[in-house]
Structures are given as C-alpha cells and as structure tokens.
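Participant:
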Amino acid sequence: MIYTGIDALDGLLDGGVPDGSRMLFAIEPEADGQHFLITLLHTAVVSGKKTLVIAPFTSKDAYFVDVASQSHYHLDCYLDLISFIDQSDCEAITAAHQNREACRAAWQDRIKGIIKDEGIDVVVAYLDLLSDYFEFAGAVSLFADLKSEKPVTVAFEFFNLYGEEMLQELLKETPFDLVINLQSGSGVVSFFNYFTVHTVSWLPLPSRSLPYIVTEGHIVPYIPKIVVTGPSNSGKTTFVKNISESGMSVDRLGLLGTPTTVALDIGHMASKGFDINIYGTPGQERFDPIIPQLARNAMGVILMVDVTRPDLMSRALKLKKIVEGNTVVPIIVVANKADLAYSVTKEEIRAALEVRADTPVYFISAFERRQCRDVIDSMVDQITRFEY
Amino acid sequence: MYSYQFGIPALDAQLGGLTSGANVLILAPPLSGAERIAYNLTFPAEGEYSVLLSTDERASEILNFFKLNGTERRSLAIIDAITKSDLPNVPDTDRMKFIASPVDLTGISIKMSKMFAGIVDESLKNPKPGIFPPPIRFCVNSLSTFLMYRKLEVMYQFVHVMSAKIKKNEWIGLYTLNNESFDARTVSVIKQLMNGVVEVREGKESFEMRVVGLGGRMTPWLPYSFDLNGKLVVEG
C-alpha cells in the first residue's frame, strides 16, 4: 500500500493506494496542487520506499530546494532512496535521439534500467514535457510493462490546461487506477482550491469535490459548513461546544433562566483529516427566517432531537425542511439525552422525520464528547460517500 | 473604463492610452530592443502595479531597470524563470518568485496566481482604497523562449489562459515575440489571442514601430530610440 500522505485522502481511499497502481494528479490553471505529488513522494521515502523522480523541467538540486522551501520536506536526507531523471538527463536523451521512436525507446530503456537496478517501488513522474514529446497517452505508456520483480506504483502529475472535458477525453484513451483533479475557484484571483476524486478503480467511491487549503506546504482538506439544527433545548449548543476545539455561541438568558441561542453557535474542529466548521442554528420558531441563510451551502446536516420529547418531532421535521430547502445533502439524526429514560425507536424517529431508511440515527448524550465526535466522524463519511 | 497611459507623448497622442483588458503582442526582430519596449509600456503609473514574467532576463536586472526609471519597489513584481537554473537556492519573496525553468508551466501558473493574489490582497488592505481590482500591467518578456521549449498547441492554450485572466480583471498584457525565429503560422496563432500588435521594423536610420489593431486603428511608422537609462523615446 502506498500512502498519499494526506490523511483525509487516504481515509477516502480506504487506507491508501494499492501497490502497482497508476495514479494521475491533474492540475488545472491556478490550482495550488503541486503539493499532492510532493506529499506522496515524501511519504513514500519516509516509509523506506525506493523512488524514481522524473522531473524534466528542473535540476535535481533545484527540485529539492523547491520542495524544502514550499513543503518543508527535506528530501535530500533520503538520497539513498531517490533516483532522479532531471532536466539535463532529459536534454541528453533528446539530443542523442533525433528520431522520435528511438528517443522513446531510449526513455523506456532508461526508466526500466533504473527501476530494475535500484529496485524502485514508486515512480513520481511529471508528464508535461514528456507529453509534448510523445503526446499524453504515449508519455504514460513509457511506464507500461515495467517488468519489475515487484509491483511498481506510478504517480503522474499533469498540468491540465484544457479543463475537465479534455481530461475525460484523455482518460478514455489512457485509464488510471486513481485520478484526482485539482481545481481552483477563481474570481479576481484564485480564492480556494478543491480536489475531485474522479476515478478509483478499487473502490465504489462516488466522484466528490472537496475544498482544501495549503498551509505551510501541507494539504488540509476542509468541510466549510456542517449545520446542526433541531428544536429548542434539544442540546445543539452543548453538542457544538463539546466537539469544538474553538468556537462561540451567541445566546441570551431565556424566560426560564437558561441560555437560549439567539443567533448561532459556531464551532471548529478536525476529524478524519478534515478541518470542519460547524454552525448550530437557533431552535425557536421566531428565528426560522434566518435559518435558510445559516444553512446555505452546508455540506451536511445534523438533525438533533430530544428523545424525551417525542412531541417535538413535528417541529424537528419542520426545521429539517427549512434547512434542506431544495437541495439534497446528507443528514444524520442525533437522538440526544439518551442517558435519560425514553421509549422512541430508530424506526419511529425516521418515520417522524421523513428521512431515508439508511439515514443514520445515533442515540447519544451531548455531554459525552466521545459520542459527539463519533457523530461528526460519521458525518464526514456521509459527506464523502453519500450517493446523491 | 480605466485607461492605461504610457507616459510616452507620441504613443499616448496616437492611442489615447490602452483600454483595460487589452492584450498586446510586441512583434519585433532581434536587436530591436523588444524587451525594453515592453518594459517601457509596463512602467506602472501611480496606483498601478507591474507584474513581469521573465524567461530571458534575471529578476535583478529587470528590477534595476525599473528602479533606474523611477518605479517604486512595491509596485513591481517579477516571476523569474532564469535565475534558479544557476542558483537553485534563491528564495522566493513577496514580490519575486523563481521558477526552475521556462518549461515549468505548472509552477509558473501557481506562482503567478499567488503573485496576483498578493497584490490584490495588499490593495484591499491599503488605507487609501483605489480602483478594484488594482490596475496591473502584465508583461511576458519573451514568448519566444517558451515556444522554443514547448509545443505551439500547449503555448496557445497557456497564453489563452493568461490573456483571458488579464481581460477578465481589466488589466493589460504585453507579450514580446521574435518575428524572425518562428514561421508565419506560429505568429498567426499567437496573434489570435491579442487585441493589438506593436510591429517593429528596421527603418533607414533607426528602428520603427507602429501599433495595429487597437480600436481598429493603425498608427504610422514611428521611429524610436532609447535614452541612456533605457527610456523609450518615440518620435512623431
């Protein structure tokens, strides 16, 4: 198994990439996506894998310096594990073979020779210049039939100037085991990056786009908004506070002398390699008009009910409908206060809330941090694997 | 609509400045000072920024040239695809970013994006708010270098992506191309992405330029020279 080194992505891929796979990281203009391949390379050498880097656009020294300055990975500490074909090697091969077929044969000989002699486990190849020479399919086919004694995993990076349609065309001719498309959302400037797991050959994973930030050269996928809603006093604020590493509530003392949320609860946490922002809505009916704004663009909804108050299920159903609007998002039902006496069942809750039969329903106490975190872990799974 | 003035009386009189969103090719033979023409047209006016993508001159040389001609340090940003091949350890700064070689279009794209984002971010934090997005003059000092290493189809798409961004943000783009090193098809393909062309030819006594296509006009051939600081002097 080869790890991408990005926890959230490895989690999505059920632990990593099987040995011998062919994977493609396709970067669209302005997407800050070079760290994906660099992180994979670093993770491979740290775990002792023998690696061949093919970077025809740079020198070996400049590459190591770039990686160190951008990602703080010091690959020069692993020189015994890394073989390199760089710009000068590339120019030498090209200059020595004017005929395209001869040039192609020379490249194949060189790649196979290093893989065999060095016992390479992982090849990291930058395709851009090679695809200028041999076209995309031809460049990828240089790495076919490597005839190594052990499976060799090959990870490609390709600058996809032509967008998603062209990528589809390229993939028709040249299949991969894993394709990650890296894109950016741009206005005046690029303001966020996201990756799409386009293809996974070994898993029934739906194609899903997830935003990420690059912090100090490290990829951190994030979920910008999960909304927690439910009737008043169902435990939303306690839940958000209990799972959050940092957060705040905007609340006031209610008529009964207990705090009630009058605007929102905000929490921030990490789960399964994702940074997550959590927004709790107010539960009182007078705040219903602001809930659609709070819930806009949420990637998941946690619907919280009080198991001791089955009479409030209709209110929970109304809130569910407000939050969902016309969109389809994954929902988890949290049946809170399960540490107290109650009689409702999962099936009764699902029926009352009109949710799908496969919608998870968790009986918890929002005072139990571990149980709350399990709910969020499950929500992440729902967001990344939910079949729309 | 914002108009980018050149500060060169003969050109400003002929063109009335350059309309925002314009992409202009400077098509010039060797030794005609095409890069210097491009730099002169890229000098930032007050409140503007200049971003240069250099494929044939070190950032330090470009910086000196701009400083010599009065450009403030903060108004100038350079993406240098030359220096790193000799000095792999050269570090990036806010205003200078280094790429291993002109072949690395991925790296150029990412660092350009970061450079533009930095300038836009800085302009938003400026206590004296100006035009948004901030006016930027973008210059590629040699498409010729790119075309020597990369396929025309790839470069067409790359320039298309760059010029579309320039147009969308109402900036201006200036790109030099050596017209004697490439065939007519190559020049024609690149021209398709432009709003106008500065053509340069060798005249009887000096080089001459004319501007074609901006606003459907064509200027007469205008002799030009450079003063001791490299400042463009256009007659006419």
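Sequence lines, in order, name chains A and B. Quick note: the first sequence, position 350, residue 350 per UniProt numbering, numbers continuous. Quick note: the second sequence, position 125, residue 125 per UniProt numbering, numbers continuous. Backbone N, C-alpha and C fix where the C-beta goes; we use that ideal spot for every residue, glycine too.
Using the Cα positions of A:G48 and A:S69, report the straight-line distance between them to the nearest angstrom.
Facilitator: Each residue's alpha carbon lies about 22 Å from the other.
Participant: List, in order along the chain, the chain B residues whose C-beta lies closer than 9 Å to that of A:Y162?
Facilitator: Simply Q157.
Participant: Okay, do the segment 4-19 of chain A and the segment 50-58 of chain A touch, 3+ Cβ pairs below 8 Å being the bar?
Facilitator: Too few Cβ pairs lie closer than 8 Å, so no.
Participant: Could you give the C-beta distance for A:D66 and B:A100, rounded to a whole number, given that I count them as a contact under 8 Å?
Facilitator: At roughly 7 Å, the Cβ-Cβ gap stays under 8 Å, so A:D66 and B:A100 are in contact.
Participant: Can the beta-carbon of A:A155 be found closer than 7 Å to that of A:L13?
Facilitator: No, the Cβ-Cβ distance between A:A155 and A:L13 is not below 7 Å.
Participant: Any Cβ of chain B within less than 7 Å of the Cβ of A:P211?
Facilitator: Taking Cβ atoms only, chain B never reaches closer than 7 Å to A:P211, which makes this a no.
Participant: Output the distance between the C-alpha atoms of A:L353 and A:R296, rounded to the nearest integer angstrom.
Facilitator: Rounded to the nearest angstrom, the two C-alpha atoms are 21 Å apart.
Participant: For A:Q183, which three-state DSSP category applies?
Facilitator: Strand.
Participant: For the beta strand (DSSP E) that contains A:N336, what are its first and last residues?
Facilitator: 331-336 is the extent of the beta strand (DSSP E) around A:N336.
Participant: Identify which residue in A:Y162, A:L40, A:E216, A:F195 has its Cα closest to the Cα of A:S207.
Facilitator: Considering only alpha carbons, the answer is A:F195.
Participant: Following the continuous alpha helix (DSSP H) through B:P91, name the residue where it begins and the one where it ends.
Facilitator: Taken as a continuous stretch (DSSP letters only), B:P91 belongs to no alpha helix (DSSP H), as it is neither H nor E.
Participant: For the segment 161-172 of chain B against the segment 201-208 of chain B, do three or more pairs of beta-carbon atoms, one drawn from each stretch, fall closer than 8 Å, so that the two count as touching?
Facilitator: No, the segment 161-172 of chain B is not in contact with the segment 201-208 of chain B.
Participant: For A:D177, name the three-state secondary structure that DSSP assigns.
Facilitator: A:D177: coil per DSSP, three-state reduction.
Participant: Pair every Cβ in the segment 212-223 of chain B with every Cβ in the segment 180-190 of chain B, then say whether three or more of these pairs are closer than 8 Å.
Facilitator: Output reads no: the segment 180-190 of chain B does not touch the segment 212-223 of chain B.
Participant: Grab the span of the alpha helix (DSSP H) containing B:K231 for me, first residue to last.
Facilitator: Segment: none, B:K231 is in no alpha helix (DSSP H) and carries neither H nor E.
Participant: Any beta-carbon of chain B closer than 7 Å to the one on A:V380?
Facilitator: So, not an interface residue.
Participant: Going along the chain, which unbroken runs of the alpha helix (DSSP H) with 4 or more residues stay wholly within the segment 54-105 of chain B?
Facilitator: Counting whole runs of 4 or more residues, the segment 54-105 of chain B contains the alpha helix (DSSP H) stretches 59-68, 83-86.
Participant: Consult DSSP for A:E245 and reduce its assignment to one of helix, strand or coil.
Facilitator: It is coil, neither helix nor strand.
Participant: Where in the segment 3-36 of chain A do unbroken runs of the alpha helix (DSSP H), each at least 4 residues long, occur, reported from the N-terminal end onward?
Facilitator: The segment 3-36 of chain A contains these whole alpha helix (DSSP H) runs: 7-12.
Participant: Measuring only the C-alpha atoms, how far is B:E46 from B:P134?
Facilitator: When rounded, the distance between both Cα atoms is 11 Å.
Participant: Return the bridge partner residues of B:G33 from the DSSP annotation.
Facilitator: According to DSSP, which records beta bridges pairwise, B:G33 is partnered with nothing at all.
Participant: The beta strand (DSSP E) that contains B:H160, what's its start and end?
Facilitator: Careful: B:H160 lies outside any beta strand (DSSP E), inside the alpha helix (DSSP H) at 152-168.
Participant: Should A:A31 and A:N160 be called a contact, given that it needs their Cβ atoms to be closer than 7 Å?
Facilitator: Taking 7 Å as the Cβ cut-off, A:A31 and A:N160 do not qualify as a contacting pair.
Participant: Nearest CA to the CA of A:Y126: which residue from A:I27, A:F274, A:L146?
Facilitator: Closest by alpha carbon: A:I27.
Participant: Unbroken beta strand (DSSP E) runs of length 3 or more, entirely within the segment 302-364 of chain A: which are they?
Facilitator: Counting only runs of 3 or more, we get 331-336, 361-363.
Participant: What is the residue span of the beta strand (DSSP E) that A:Y126 lies within?
Facilitator: Element bounds for A:Y126: 122-126.
Participant: Would you mind listing the beta strand (DSSP E) stretches within the segment 58-126 of chain A that are 3+ residues and don't spill past its ends, in chain order?
Facilitator: Here the runs fully enclosed are 82-85, 122-126.
Participant: Counting C-beta neighbours from all protein chains within 10 Å, is the total for B:R137 16 or more, i.e. buried, or is it exposed?
Facilitator: Its Cβ being crowded by 16 or more others within 10 Å, B:R137 is buried.
Participant: Could one say the Cβ of A:F156 lies closer than 7 Å to chain B's Cβ atoms, at least one of them?
Facilitator: So, not an interface residue.
Participant: Out of A:F287, A:D265, A:Y342, A:A44, point me to the one whose CA is closest to A:T153's CA.
Facilitator: If we check each option's Cα against that of A:T153, A:A44 comes out closest.
Participant: Taking three-plus beta-carbon pairs below 8 Å as touching, is the segment 301-318 of chain A in contact with the segment 328-338 of chain A?
Facilitator: The answer is yes - the segment 328-338 of chain A touches the segment 301-318 of chain A, with three or more Cβ pairs under 8 Å.
Participant: Is the Cβ of A:D61 closer than 7 Å to any Cβ of chain B?
Facilitator: Closer than 7 Å to some Cβ of chain B, the Cβ of A:D61 qualifies, so yes.
Participant: Suppose you measure from the CA of A:Q293 to the CA of A:I226; what does that come to, to the nearest Å?
Facilitator: So the alpha carbons of these two residues sit roughly 13 Å apart.
Participant: By a C-beta neighbour count over all protein chains shown, 10 Å radius and 16 as the cutoff for buried, is residue 243 of chain B buried or exposed?
Facilitator: Nothing about residue 243 of chain B can be read from this structure; chain B reaches only from 1 to 236.
Participant: Would you call the CB atoms of A:S83 and A:E118 closer than 7 Å?
Facilitator: Yes, these two residues count as a Cβ contact at 7 Å.
Participant: Kindly confirm or deny that the segment 41-58 of chain B and the segment 68-87 of chain B touch, where touching means at least three C-beta pairs closer than 8 Å.
Facilitator: Enough Cβ pairs lie closer than 8 Å, so yes.
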